[in-house]
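Novice: Here it is, the structure, as structure tokens.
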Amino acid sequence: MNTPVSAATATRGLVVVHRAWRGLEHVLEWAQAPALLAARAYVAWVFFLSGLQSLRDWPATLWLYENCFHVALLPPAAAAVAGTAGEVLLPPLLALGLYGRFGALGLFVVNIVALLSYLHALQTPAIMFHFIWGILLLLVALWGPGAWSLDAWHARRARGMAPA
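Per the working numbering, residue 59 is the first one in the sequence shown, and the count goes up by one each step.
Okay, structure coming up:
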């Protein structure tokens with residue numbers, strides 16, 4: 059037997075669903091700042107450690123750029139300096155969210171160059187990590203470093219919303 063649902067009952071049901079959805083949206087919006095901070099910190103840590111390793115054993119780094127990494131348009135020594143500089147200088151910007159989009163775009167380029175220059179020797183899991191890092195960096199570049207960043211703090215301060 060079909061029991062008709064009154065318009066009032068259906069409307070109440072929709073109101074409950076709508077309120078629940080708005081509550082979930084509020085939680086998701088709050089979670090954006092810590093999620094972006096976690097993404098920035100993770101990718102910054104990976105690249106910074108790689109840069110430190112390159113600095114620790116500079117002769118090995120030069121050898122890799124001369125014999126394994128094939129960076130188009132740059133001589134191996136210049137590519138080694140540029141890649142290592144990017145891995146050491148850009149991660150702090152990304153992690154702090156200071157010129158966060160610049161740091162994210164710069165590391166995105168470093169990531170793409172690293173992937174393309176050594177793609178022939180990488181196994182599938184390593185390639186997937188580069189894709190994950192690239193996606194996280196692209197998200198930060200497109201949407202910004204989030205509310206928990208020095209960029210956001212500076213913007214709030216410039217609008218007079220944060221104490222000096």
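We treat Cβ as the ideally placed atom computed from N, Cα and C, and that holds for glycine. These figures come from a predicted structure and were not determined experimentally.
#1: Distance check for Leu-194 and Ala-184, CA to CA, integer angstroms please.
#2: Would you check if the stretch 203-221 and the stretch 88-98 touch, i.e. whether three or more CB-CB distances between them fall below 8 Å?
#3: Work out the CA separation of Asp-209 and Leu-156 for me, nearest whole Å.
#4: Is there contact here, the stretch 64-79 with the stretch 110-128, by at least three beta-carbon pairs under 8 Å?
#5: On the three-pair Cβ rule with 8 Å, is the stretch 166-179 touching the stretch 132-150?
#6: Ala-137 and Val-129 - do their beta-carbons sit closer together than 8 Å?
#7: Just the C-alpha distance for Trp-88 and Ala-153, rounded to the nearest angstrom, thanks.
#8: Going by DSSP, what residue range makes up the alpha helix (DSSP H) through Gln-111?
#9: Ala-179: which of Val-101, Trp-121 and Cys-126 sits nearest, CA to CA?
#10: Measuring straight from C-alpha to C-alpha, what distance separates Ala-99 and Glu-124?
#11: Please report the straight-line C-alpha distance between Gly-141 and Ala-91, rounded to a whole angstrom.
#12: How is Phe-127 classed by DSSP in three states: helix, strand or coil?
Specialist: Once the coordinates are examined:
#1: 16 Å
#2: yes
#3: 5 Å
#4: no
#5: yes
#6: yes
#7: 19 Å
#8: 65-114
#9: Cys-126
#10: 31 Å
#11: 29 Å
#12: coil
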